[in-house]
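Below: one structure, written as structure tokens.
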Amino acid sequence: MKQISMTAEKIAELVKGTISGDPQRVITGISGIKDAAKEHLSFVGNKKYEEQLTTTAAGIILVCKDLANAPASDRTLIVCDNVDLAFAKLSALFAEEPPAFVPGIHPSAVIADDAVIGENVCIGANAVVESGAVIADNAVISALCYVGHEAKIGNGTILYPNVTVMYRCEVGAKCIIHPGVVIGADGFGFIPGPQGLVKVPQTGIVVIGNDVEIGANTTIDRARFGKTVIKDNVKIDDQVMIAHNVAIGESSILVAQSGIAGSAELGRGVILAGKAGINGHITIGDGCQIAGTSSVVKSLPPGQIAIGTPAETQRVFLGRLALPKKFQKLEAKIKELEAKIKELAN
Amino acid sequence: MKQISMTAEKIAELVKGTISGDPQRVITGISGIKDAAKEHLSFVGNKKYEEQLTTTAAGIILVCKDLANAPASDRTLIVCDNVDLAFAKLSALFAEEPPAFVPGIHPSAVIADDAVIGENVCIGANAVVESGAVIADNAVISALCYVGHEAKIGNGTILYPNVTVMYRCEVGAKCIIHPGVVIGADGFGFIPGPQGLVKVPQTGIVVIGNDVEIGANTTIDRARFGKTVIKDNVKIDDQVMIAHNVAIGESSILVAQSGIAGSAELGRGVILAGKAGINGHITIGDGCQIAGTSSVVKSLPPGQIAIGTPAETQRVFLGRLALPKKFQKLEAKIKELEAKIKELAN
Amino acid sequence: MKQISMTAEKIAELVKGTISGDPQRVITGISGIKDAAKEHLSFVGNKKYEEQLTTTAAGIILVCKDLANAPASDRTLIVCDNVDLAFAKLSALFAEEPPAFVPGIHPSAVIADDAVIGENVCIGANAVVESGAVIADNAVISALCYVGHEAKIGNGTILYPNVTVMYRCEVGAKCIIHPGVVIGADGFGFIPGPQGLVKVPQTGIVVIGNDVEIGANTTIDRARFGKTVIKDNVKIDDQVMIAHNVAIGESSILVAQSGIAGSAELGRGVILAGKAGINGHITIGDGCQIAGTSSVVKSLPPGQIAIGTPAETQRVFLGRLALPKKFQKLEAKIKELEAKIKELAN
Chain A
334 MKQISMTAEK IAELVKGTIS GDPQRVITGI SGIKDAAKEH LSFVGNKKYE EQLTTTAAGI
394 ILVCKDLANA PASDRTLIVC DNVDLAFAKL SALFAEEPPA FVPGIHPSAV IADDAVIGEN
454 VCIGANAVVE SGAVIADNAV ISALCYVGHE AKIGNGTILY PNVTVMYRCE VGAKCIIHPG
514 VVIGADGFGF IPGPQGLVKV PQTGIVVIGN DVEIGANTTI DRARFGKTVI KDNVKIDDQV
574 MIAHNVAIGE SSILVAQSGI AGSAELGRGV ILAGKAGING HITIGDGCQI AGTSSVVKSL
634 PPGQIAIGTP AETQRVFLGR LALPKKFQKL EAKIKELEAK IKELAN
Chain B
334 MKQISMTAEK IAELVKGTIS GDPQRVITGI SGIKDAAKEH LSFVGNKKYE EQLTTTAAGI
394 ILVCKDLANA PASDRTLIVC DNVDLAFAKL SALFAEEPPA FVPGIHPSAV IADDAVIGEN
454 VCIGANAVVE SGAVIADNAV ISALCYVGHE AKIGNGTILY PNVTVMYRCE VGAKCIIHPG
514 VVIGADGFGF IPGPQGLVKV PQTGIVVIGN DVEIGANTTI DRARFGKTVI KDNVKIDDQV
574 MIAHNVAIGE SSILVAQSGI AGSAELGRGV ILAGKAGING HITIGDGCQI AGTSSVVKSL
634 PPGQIAIGTP AETQRVFLGR LALPKKFQKL EAKIKELEAK IKELAN
Chain C
334 MKQISMTAEK IAELVKGTIS GDPQRVITGI SGIKDAAKEH LSFVGNKKYE EQLTTTAAGI
394 ILVCKDLANA PASDRTLIVC DNVDLAFAKL SALFAEEPPA FVPGIHPSAV IADDAVIGEN
454 VCIGANAVVE SGAVIADNAV ISALCYVGHE AKIGNGTILY PNVTVMYRCE VGAKCIIHPG
514 VVIGADGFGF IPGPQGLVKV PQTGIVVIGN DVEIGANTTI DRARFGKTVI KDNVKIDDQV
574 MIAHNVAIGE SSILVAQSGI AGSAELGRGV ILAGKAGING HITIGDGCQI AGTSSVVKSL
634 PPGQIAIGTP AETQRVFLGR LALPKKFQKL EAKIKELEAK IKELAN
């Protein structure tokens with residue numbers, strides 16, 4: 334962490350917040366609320382953690398509007414509209430910068446003669462760029478990456494080490510691709526034939542939009558024909574599996590270990606929580622949210638929240654969860670009726 | 334896609350189909366049914382999609398026998414026994430070829446002096462082949478692959494980039510191994526000892542048969558002792574996990590993100606759908622089919638369909654799913670009885 | 334396997350066991366109980382497999398105390414306190430050694446001038462070590478590994494091929510990191526802002542203790558700020574996902590395909606079975622055991638066994654599983670009552 338001295342006044346200015354307490358209070362670093370010392374800035378973004386305002390040692394605390402008047406002893410509070418966003422902005426200021434990407438091609442990299450390399454490109458040690466590949470300006474191809482024949486990497490996009498982009502696949506601008514990602518391996522298609530399973534040629538590609546982030550060891554398969562499509566601003570976590578011919582709409586979020594089977598279509602702003610699964614050949618409407626570990630087996634209209642395996646509405650799911658308790662009540666009820674019947678019979 | 338002109342007559346000949354409509358109709362490309370233009374060939378393989386025959390713009394459509402007499406306006410239909418197989422065959426004809434593997438060893442590859450390299454082998458840039466490894470004729474070791482000491486790669490097998498095959502493991506002939514696959518990492522075995530967890534040495538290997546395909550970032554661990562075995566024609570999707578000492582029978586299909594715990598044995602033709610799990614030390618009989626996200630905890634005789642966690646028969650699973658509805662009926666029934674008892678009591 | 338002749342007497346001495354049968358019996362190899370021949374040593378560690386003592390061909394069998402007096406025909410039994418531990422010890426003796434790591438730096442490796450490389454270090458072909466990285470004595474950086482800027486690799490730690498350790502992350506001593514592992518990719522954090530999703534800078538690192546083992550293709554993300562922490566002796570299987578700011582206590586065991594969401598804290602000796610999931614921001618107490626495919630959504634006190642999605646106690650889970658049967662009984666009961674009421678009414 335960089336050592337920077339900053340007053341509450343200056344911080345409030347940066348995040349457009351309102352000060353409650355001493356505006357001249359100074360911090361020199363940032364920290365999570367539990368680990369913070371008095372020279373640290375921290376944050377509490379939710380009223381349910383209110384008591385942390387007095388148990389933390391942090392000198393200055395960003396808080397949400399609900400906590401504007403919370404008792405905070407001698408700490409200085411800064412009230413913000415969006416605490417998460419404000420803290421993220423400040424934490425970037427205090428963060429030690431990641432190692433810089435120095436433009437240039439490492440002599441150990443193997444670049445085909447007819448690959449097209451833009452301006453200010455950085456290609457790391459032992460990277461391999463095949464014939465016909467096009468690397469746009471300002472892109473970073475880190476050490477040990479593989480960029481296949483005729484693949485395209487967009488302006489300012491970063492491939493971290495050990496990424497594989499297979500032939501003819503296209504990655505847009507300003508994307509961040511983490512280590513171990515595989516883009517454009519064959520889709521999984523076999524047809525039972527008279528002599529056993531016959532491979533269906535996977536002749537399509539993967540097309541990834543701009544500002545897409547893809548987490549470590551995620552795999553996105555090339556299309557059977559046509560394209561597997563990841564639209565702009567999609568954010569994908571680690572170890573996600575996206576099968577052939579899938580289409581993911583803008584700004585969707587796919588959390589770790591989720592998986593999407595072949596030819597499924599996700600709308601804009603869809604959220605898959607961790608380990609969620611989507612069946613093949615179905616459509617998930619804009620803004621749907623799928624709970625962790627849930628499996629969606631039928632198409633969903635926009636805006637649905639789905640949970641469970643097979644996924645259903647939250648109401649139905651909670652009803653199912655409550656079944657054992659409801660069952661016990663029913664048993665008690667029946668015992669009661671039984672007793673009454675006995676009484677009547679006598 | 335290659336531009337090839339082809340008549341319905343020619344297509345019917347290639348796929349042994351029967352024409353309904355104009356046999357001289359010409360297409361110049363192929364496409365999925367929704368995206369097709371009139372110069373495209375497409376397909377409808379299931380009667381439930383019958384209406385697509387009139388909504389699509391495709392000029393020629395491969396259809397299954399059920400749709401032989403379906404109304405199709407001016408489209409030319411070609412009726413086939415196996416639409417998927419027929420379309421796969423044709424799509425291969427129209428597909429642009431993948432980049433060719435040119436035999437030869439890239440000067441940047443690092444090959445041990447005593448590795449045995451066959452005829453017509455292609456070894457890519459920055460690949461590493463260790464001492465005693467044997468690469469059979471016509472094999473492809475792509476860029477950045479690692480082939481460990483005394484490992485064996487069979488005739489015509491392709492390792493795509495960034496594959497790791499650890500020491501002494503054996504891959505058969507005509508296999509396709511996608512990027513990021515790890516074959517032969519240590520199995521996971523620890524024993525609680527007086528000073529904590531003790532590693533169980535994993536002294537065995539992995540043996541993979543012929544015509545096996547393995548999807549991106551899948552991992553297959555070496556045996557504790559003896560062999561982890563993948564038999565001929567097994568097809569494995571992306572991000573599948575196969576633990577030590579597992580045995581997978583011929584022509585089994587393991588869909589993405591499925592996992593098989595140590596020493597489990599799968600018979601021939603077993604299908605694990607996406608995210609399915611198999612417990613350790615159990616046996617799954619020939620031809621069993623395990624539903625997506627289901628976990629099998631007990632051995633299964635041949636031919637079973639299993640679903641749920643823990644997996645059970647489809648009938649039992651559906652019964653369980655229906656429980657909330659059945660419960661509501663029971664509640665209503667009880668109210669009825671209660672009313673009757675009241676009536677009697679009065 | 335090495336060919337070594339060994340008497341029952343010698344074996345008993347090595348594992349501190351007691352012989353029942355011929356102490357001069359000789360074996361020349363080891364094997365699993367089903368595949369064993371008469372010149373093999375094998376083991377039966379559980380009374381429920383008692384009948385294998387007579388069906389196996391193994392000449393000498395390690396057994397647990399419960400089987401001390403089991404009928405074993407002419408086999409020689411050796412009774413041990415901890416059969417697994419004893420067999421692991423012996424199997425290491427008979428195992429062919431893995432290829433030796435020869436200290437030295439392969440000429441094709443790319444090592445930054447200011448990286449610090451200890452004594453007896455082995456760096457493999459085409460590996461890349463960036464500026465400021467510190468590789469301690471006796472460490473192994475295998476072929477095609479990437480060690481980022483200012484990363485630290487501890488004494489005697491082995492990175493197998495194709496491992497990625499990102500900048501500033503720290504791996505302790507005597508760790509074993511299997512192929513394809515990614516340590517220190519960015520955590521997954523985005524905040525909805527007025528112009529769409531804003532990336533939260535991930536400015537922290539990953540710190541891994543001593544004697545940690547990490548399975549193939551597992552990913553451990555760097556912290557948002559501060560550290561993602563894996564304590565000493567933690568054992569992690571293949572394809573496990575550990576999100577930013579997670580903390581894992583000593584000697585915990587994470588089985589394949591399990592996943593832990595951001596900022597979760599696991600105590601000492603926690604066990605996650607295969608495909609288990611832990612929600613973000615919760616605490617799992619020392620010694621908790623989470624069943625396979627279960628998802629824990631609330632914090633757990635020490636020593637809990639949790640199962641199901643959402644996870645609950647074993648008793649509650651089994652009650653839920655039994656619901657269909659209990660339901661049938663209730664239906665029968667109600668029919669009975671109905672009949673009685675009818676009787677009374679008449």
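Residue numbers (my numbering), protein chains in the order written: chain A, 334 to 679; chain B, 334 to 679; chain C, 334 to 679. Using N, Cα and C, we set each Cβ at its ideal position, and we do this for glycine too.
Listed as beta-bridge partners of Gln622 of chain C by DSSP are C:Ile604 and C:Ile638. Taken atom to atom, the span from the alpha-carbon of Ala442 of chain B to that of Cys478 of chain B is near 9 Å. Around Val412 of chain B, the same chain offers Gly350, Thr351, Ser353, Val396, Lys398 and Ala401 as residues with beta carbons nearer than 7 Å, after the five sequence neighbours per side are excluded. The beta carbon of Ile366 of chain A sits no closer than 9 Å to any beta carbon of chain B.
Going by beta carbons, Gly618 of chain A and Pro643 of chain A fall outside the 9 Å limit. Relative to the Cα of Gly513 of chain C, the nearest Cα in the group C:Met499, C:Pro525, C:Gly526 and C:Thr536 belongs to C:Met499. Glu664 of chain C sits in a helix when the DSSP states are folded into three classes.
Taking the Cα of Arg408 of chain C as reference, the smallest distance to any Cα among C:Asn550, C:Val562, C:Thr340 and C:Ile553 is reached at C:Thr340. Only residues of its own chain outside the window of five on either side were considered, and among them Val603, Leu633 and Gln637 have a CB closer than 6 Å to the CB of Cys621 of chain A, listed in chain order. Annotation for Thr552 of chain C: the continuous beta strand (DSSP E) segment containing it runs Thr552 to Asp554. Taken in chain order, the whole beta strand (DSSP E) runs of length 3 or more contained in the region 357-387 of chain A are 373-377. With fewer than three CB-CB distances shorter than 8 Å, the region 536-543 of chain C does not count as touching the region 499-510 of chain B.
Contact between Ile363 of chain A and Leu374 of chain A holds: CB atoms are separated by about 5 Å, below the 8 Å threshold. Considering only A:Gln590, A:Gly625, A:Val377 and A:Gly481, the residue with the shortest C-alpha distance to Met574 of chain C is A:Gln590. Under DSSP, Met574 of chain B takes part in a beta bridge, and its partners are B:Thr552 and B:Gly592.
With a cut-off of 8 Å on Cβ pairs, the region 460-480 of chain C is not in contact with the region 369-384 of chain C, counting fewer than three such pairs. The region 520-534 of chain C makes contact with the region 410-429 of chain A; the number of CB pairs closer than 8 Å reaches 3 or more. Taking all protein chains shown into account, Ala665 of chain B has fewer than 16 neighbouring C-beta atoms within 10 Å of its C-beta and is therefore exposed.
Boundaries of the alpha helix (DSSP H) around Ser424 of chain A: Val416 to Phe427.
In the structure shown, Gly520 of chain C falls within a coil segment according to DSSP collapsed to helix, strand and coil. Taken through DSSP and simplified to helix, strand or coil, Pro534 of chain B comes out as coil. The beta-carbon of Lys608 of chain A is placed less than 9 Å from the nearest beta-carbon of chain B. In summary, Ser338 of chain A is exposed, with fewer than 16 beta-carbon neighbours lying within 10 Å of its beta-carbon over all protein chains present. Straight-line measurement puts the Cα of Gly595 of chain B at about 20 Å from the Cα of Gly610 of chain C.
In this structure Ile491 of chain B does not touch Ala469 of chain B by the C-beta definition: roughly 12 Å separates them, more than the 8 Å allowed. Our two residues, Tyr493 of chain C and Tyr493 of chain A, have alpha carbons roughly 19 Å apart in a direct line. Per DSSP, reduced to three states, the secondary structure at Glu546 of chain B is strand. At a cut-off of 9 Å between beta-carbon atoms, Glu503 of chain B makes no contact with chain C. In the three-state reduction of the DSSP assignment, Val454 of chain C falls in the coil class. Considered as a whole, the region 389-413 of chain C harbours 393-396 and 409-412 as its complete beta strand (DSSP E) runs of no fewer than 3 residues, in chain order. Excluding residues up to 5 positions away in sequence, Gly457, Ala458, Asn459, Ala460 and Pro494 lie with their Cβ nearer than 7 Å to the Cβ of Ala476 of chain C in the same chain. Legend: CB atoms of the region 641-667 of chain B lying less than 9 Å from CB atoms of chain A belong to residues Gly641, Thr642, Leu654, Leu656, Pro657, Phe660, Leu663, Glu664 and Ile667. Cα atoms of Gln572 of chain C and Ile474 of chain C: separation of roughly 21 Å, rounded to the nearest angstrom. At a Cβ-Cβ threshold of 9 Å, Leu677 of chain C and Ile674 of chain A count as neighbours.
Between the alpha carbons of Lys335 of chain A and Ala606 of chain C lies a distance of about 40 Å. Listed along chain A are Ala518 and Phe521, each with a C-beta nearer than 7 Å to that of Gly548 of chain B.
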